[in-house]
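Engineer: Before I ask anything, here is the structure I am working with.
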Amino acid sequence: MKVKLQPILNDSNLNAYQLISQRQLAVSISAIGETLDRSVPLNLCLILDHSGSMNGRSLETVKKAASLLVDKLSSEDRLSIVVFDHRAKVLVPNQIISDLNQIKQQINCLTADGGTAIDEGLRLGIEELAKGKKDTISQAFLLTDGENEHGDNNRCVKFAQLAACYNLTFNTLGFGDNWNQDILEKIADAGLGNMSHIEHCDQAVDTFNHLFSRMQTVGLTNAYLLFSLLPNVRLAELKPIAQVAPDTIELPVQAEADGRFAVRLGDLMKDVERVILANIYLGQLPEGKQAIANVQIRYDDPTLNQTGLFSLKIPVYGNIQRIYQPSSNPQVQQSILALAKYRQTQLAEAKLQEGDRSGAATMLQTAAKTALQMGDASAARVFQTSATRLHAGEELSESDRKKTRIVSKTVLQDAPPK
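Counting in numbering that gives the first Met the number 0, the sequence shown runs from 0 upward without gaps.
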């Protein structure tokens with residue numbers, strides 16, 4: 000398995016007489032190979048809410064989805080299951096799959112009771128997942144239907160950051176409409192996983208299967224994007240790096256000892272592009288073709304049991320022109336619009352929290368226009384519907400808010416192809 004790496008500027012032409020130019024650099028990254036080697040075991044941890052609010056069909060559906068997922072694991076894979084209400088316990092310690100029926104019996108014995116303490120479930124989940132991390136593809140699926148009323152949200156964030164230090168991938172699933180989308184998004188973003196909304200019980204099995212399919216396509220792990228910026232080139236000071244595909248995530252940047260900048264990517268799926276967008280500023284440069292940056296991926300290959308591998312270093316060039324002629328790249332423009340859609344929605348949410356309905360509605364209308372520019376008609380409908388309700392003086396339901404957050408981060412499957 001190798002790395003495919005392609006950097007593209009939104010406009011590779013620059014004005015030789017301009018003192019400072021701003022550009023967006025889109026970097027497309029994926030694992031590539033003729034086949035996907037499934038000899039690498041999976042290490043899956045299910046962290047499941049069984050609080051009182053999950054009583055009835057909700058918990059029964061989750062138990063069914065979890066049991067069906069267990070059936071998909073091979074005899075080489077590892078599984079652990081943590082369950083939580085206002086406390087947390089390890090239902091199935093991290094182990095190589097040997098007795099599927101016994102595990103499914105333990106799942107089926109779960110009953111709903113108590114409150115919700117997500118942070119305790121996270122703590123135990125990280126501990127169990129870390130036990131089987133060596134030479135595996137390690138991910139957690141965290142499902143909850145409630146607020147963290149018996150836990151500490153700041154502690155949740157700290158545990159999510161700890162998971163990132165262990166290079167663990169965390170996916171979050173919000174069940175119903177009463178879960179805390181801010182906390183689940185922070186956990187998923189830190190763990191570079193996916194945040195999903197299971198709005199109705201009958202969506203649970205498909206959502207679990209979708210996340211498991213993504214996990215099965217992981218080819219490379221512990222990946223970092225490394226930037227080398229040449230003199231007179233710098234990253235923007237505020238939010239310089241974001242992922243824009245397949246989901247939009249604001250990404251932290253860390254300085255390496257050799258002067259490069261590193262951005263954690265986590266798992267790379269085979270033939271599924273991750274697109275990272277960097278906002279850079281360039282000082283005045285001499286006329287002609289000039290190197291402005293280099294990009295490279297550092298990664299682990301679990302199929303070869305090798306760590307700290309490097310892709311080829313790819314240079315990024317700018318064409319410095321005495322008579323500047325713009326040359327906009329439509330592919331990068333799509334990435335810029337995807338990030339704008341996400342940030343416009345965040346601004347709308349902030350205004351709504353401040354009680355500024357009119358301002359929130361205006362930002363949602365702006366996000367709808369951005370989505371239409373992208374060809375994402377489904378997201379545009381969601382944003383415009385919420386904006387119309389706010390203008391009419393109506394409250395947005397929890398379902399409306401969560402749907403808005405989800406479509407701000409990704410392109411819905413029923414959106415027309417670009």
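Cβ atoms here follow ideal geometry from the backbone N, Cα and C, with glycine treated the same way.
(1) For ASP188, which option in GLY307, ALA360, GLN160 has the closest C-alpha, if you only look at C-alpha atoms?
(2) So, under 8 Å CB-CB, ALA379 and ALA370 are touching, yes? Tell me the CB distance rounded to an integer number of Å.
(3) Along the chain, where does the alpha helix (DSSP H) that runs through PRO92 open and close?
(4) Taking Cβ to Cβ, would you say LEU267 is nearer than 8 Å to ILE28?
(5) Nearest-angstrom Cα distance between MET53 and THR60?
(6) Reducing DSSP to helix, strand and coil, say where HIS390 ends up.
(7) Counting only runs that start and end within the segment 312-361, where is the beta strand (DSSP E) found for 3 or more residues in a row?
(8) For GLY196, report the span of its beta strand (DSSP E) as first-last.
(9) Return the bridge partner residues of ASP299 from the DSSP annotation.
(10) Taking the alpha-carbon positions, what's the ASN153 to ILE182 distance?
(11) Taking the alpha carbon of SER38 as the point to measure from, which residue in LEU13, ASP134, GLY150 has its own alpha carbon closest?
(12) Tell me whether the segment 263-280 and the segment 15-33 touch, counting them as touching only if at least three CB pairs, one residue from each stretch, are closer than 8 Å.
(13) Across which residues does DSSP place PHE169 in a beta bridge pair?
(14) Going along the chain, which residues of its own chain have a beta-carbon closer than 7 Å to the beta-carbon of GLN324, five neighbours each way excluded?
(15) Going by beta carbon distance, what residues of the same chain come within less than 6 Å of GLN372, once the five residues before and after it are set aside?
(16) Report whether the distance from the Cβ of THR365 to the nearest heavy atom of the ligand GDP is below 7 Å.
(17) So which of SER212, LEU219, GLY114, ASN42 has the shortest CA-CA distance to LEU303?
(18) Out of LYS63, PHE158, ASN100, VAL294, state which residue places its alpha-carbon closest to the alpha-carbon of SER227.
(19) So if DSSP puts VAL81 in a beta bridge, which residue, or which two residues, is it bridged to?
(20) Give me, in chain order, the residues of the same chain whose beta-carbon lies closer than 6 Å to that of GLN5; leave out the 5 immediate sequence neighbours on both sides.
(21) Are the CB atoms of ILE186 and CYS150 within a distance shorter than 8 Å?
(22) Hey, GLY317 and LEU128: beta-carbon distance below 8 Å or not?
(23) Taking the alpha helix (DSSP H) that GLY124 belongs to, which residues open and close that run?
(24) Is LYS1 helix, strand or coil by DSSP?
(25) Quick check: the Cα distance between TYR223 and ASN170, rounded to an integer number of angstroms?
(26) May I ask which residues mark the beginning and end of the beta strand (DSSP E) holding ASP70?
(27) What's the C-alpha gap between PRO416 and LEU90?
(28) What residue range does the beta strand (DSSP E) around MET268 cover?
(29) Within its chain, find whatever has a CB closer than 7 Å to the CB of LYS288; leave out the 5 residues flanking it on each side and keep chain order.
(30) Determine the burial state of PRO40: buried for a count of at least 16 other Cβ atoms within 10 Å of its Cβ, exposed for fewer.
(31) Do GLU397 and ASP176 have their CB atoms nearer than 8 Å?
(32) To the nearest angstrom, report how far apart ILE136 and MET362 are at their CA atoms.
(33) May I have the straight-line CA-CA distance separating LEU191 from LYS340, to the nearest angstrom?
(34) Going by CA-CA distance only, name the one from GLY113, LEU72, ARG86 that's closest to GLN94.
(35) Rounded to a whole number of angstroms, what is the C-alpha to C-alpha distance between ALA235 and GLN242?
(36) Where does GLU184 fall in DSSP's three states?
Structural biologist: The answer reads as follows:
(1) Working through the sequence shown from its first residue, we reach residue 188 at position 189. Closest by alpha carbon: GLN160.
(2) Start at 1 with the first residue of the sequence shown, and residue 379 comes out as number 380. Start at 1 with the first residue of the sequence shown, and residue 370 comes out as number 371. Yes, ALA379 and ALA370 are in contact; Cβ-Cβ is about 4 Å, under 8 Å.
(3) Reading the sequence shown from its first residue, position 93 is the one you call residue 92. Note, PRO92: premise wrong, no alpha helix (DSSP H); beta strand (DSSP E) at 87-95.
(4) For this step, residue 267 is matched to residue 268 along the sequence shown. For this step, residue 28 is matched to residue 29 along the sequence shown. In this structure, LEU267 places its C-beta atom within 8 Å of the C-beta atom of ILE28.
(5) Here residue 53 is taken as the residue at index 54 of the sequence shown, counted from 1. Here residue 60 is taken as the residue at index 61 of the sequence shown, counted from 1. Taking the straight line joining both Cα atoms gives about 10 Å.
(6) Translated into positions along the sequence shown, residue 390 becomes position 391. Look at HIS390 here: in three-state DSSP terms it is helix.
(7) 313-320
(8) Start at 1 with the first residue of the sequence shown, and residue 196 comes out as number 197. Residue identity check: residue 196 is His in the sequence provided, not Gly. First-last of the beta strand (DSSP E) with HIS196: 191-197.
(9) In the sequence shown, residue 299 corresponds to position 300, counting from 1. For ASP299, which the question treats as bridged, DSSP gives the partners THR220.
(10) Numbered from 1 along the sequence shown, position 154 holds the residue referred to as residue 153. Numbered from 1 along the sequence shown, position 183 holds the residue referred to as residue 182. Each residue's alpha carbon lies about 9 Å from the other.
(11) Along the sequence shown, one-based indexing puts residue 38 at 39. Out of LEU13, ASP134, GLY150, ASP134 has the C-alpha closest to the C-alpha of SER38.
(12) yes
(13) On the sequence shown, position 170 is the one that residue 169 refers to. Answer is ALA139, LEU191.
(14) Locating residue 324 in the sequence shown gives position 325, counting from the first residue. Excluding sequence neighbours, GLN324 sits near ASN12.
(15) One-based indexing of the sequence shown puts residue 372 at position 373. These residues qualify, in order along the chain: LEU336.
(16) Ligands displayed in this structure: none; no statement on the ligand GDP is therefore possible.
(17) Residue 303 sits at position 304 when you count from the first residue of the sequence shown. Out of SER212, LEU219, GLY114, ASN42, LEU219 has the C-alpha closest to the C-alpha of LEU303.
(18) In the sequence shown, counting from the first residue as 1, residue 227 sits at position 228. Checked all of LYS63, PHE158, ASN100, VAL294; the closest Cα to SER227 is VAL294.
(19) Here residue 81 corresponds to residue number 82 of the sequence shown, with the count starting at 1. DSSP lists ILE46, VAL89 as partners of VAL81.
(20) Mapped onto the sequence shown, residue 5 falls at position 6. Excluding sequence neighbours, GLN5 sits near SER27.
(21) Position 151 of the sequence shown, counted from the start, is the residue given in the question as residue 150. Position 187 of the sequence shown, counted from the start, is the residue given in the question as residue 186. For clarity, residue 150 is Gly in the given sequence; the question names Cys instead. No, these two residues do not count as a Cβ contact at 8 Å.
(22) Sequence index remark: in the sequence shown, residue 317 carries index 318 (1-based). Sequence index remark: in the sequence shown, residue 128 carries index 129 (1-based). No; because the gap between Cβ atoms is not below 8 Å, this pair is not in contact.
(23) Counting from 1 along the sequence shown, the entry for residue 124 is found at position 125. Counting along the chain, the alpha helix (DSSP H) containing GLY124 begins and ends at 117-130.
(24) One-based indexing of the sequence shown puts residue 1 at position 2. If DSSP states are grouped into helix, strand and coil, LYS1 belongs with the strands.
(25) Sequence index remark: in the sequence shown, residue 223 carries index 224 (1-based). Sequence index remark: in the sequence shown, residue 170 carries index 171 (1-based). Those two C-alpha atoms are separated by around 19 Å.
(26) Position 71 of the sequence shown, counting from 1, holds the residue named residue 70. Where ASP70 is concerned, there is no enclosing beta strand (DSSP E), although the alpha helix (DSSP H) it sits in stretches over 56-71.
(27) For this step, residue 416 is matched to residue 417 along the sequence shown. For this step, residue 90 is matched to residue 91 along the sequence shown. Model confidence at PRO416 stands at a pLDDT of 36, short of 50, so the residue's coordinates are unreliable; what they give is reported in the following sentence. Cα-Cα distance, rounded: 43 Å.
(28) Counted from its first residue, the sequence shown places residue 268 at position 269. Note, MET268: beta strand (DSSP E), 260-268.
(29) One-based indexing of the sequence shown puts residue 288 at position 289. Cβ within range, chain order: TYR316, ASN318.
(30) Working through the sequence shown from its first residue, we reach residue 40 at position 41. Buried, since its Cβ has 16 or more Cβ neighbours within 10 Å.
(31) Position 398 of the sequence shown, counted from the start, is the residue given in the question as residue 397. Position 177 of the sequence shown, counted from the start, is the residue given in the question as residue 176. Yes, the pair counts as a contact, with Cβ atoms nearer than the cut-off.
(32) Here residue 136 refers to the residue found at position 137 of the sequence shown. Here residue 362 refers to the residue found at position 363 of the sequence shown. In a straight line, the C-alpha of ILE136 is about 40 Å away from that of MET362.
(33) The residue given as residue 191 occupies position 192 in the sequence shown. The residue given as residue 340 occupies position 341 in the sequence shown. Roughly 20 Å separates the two Cα atoms.
(34) Your numbering for residue 94 matches position 95 in the sequence shown. Looking at the Cα atoms, LEU72 is the closest of the given residues.
(35) Taking the sequence shown and counting its residues from 1, the one referred to as residue 235 is at position 236. Taking the sequence shown and counting its residues from 1, the one referred to as residue 242 is at position 243. Those two C-alpha atoms are separated by around 15 Å.
(36) Position 185 of the sequence shown, counted from the first residue, corresponds to residue 184. Looking at GLU184 - three-state DSSP - the assignment turns out to be helix.
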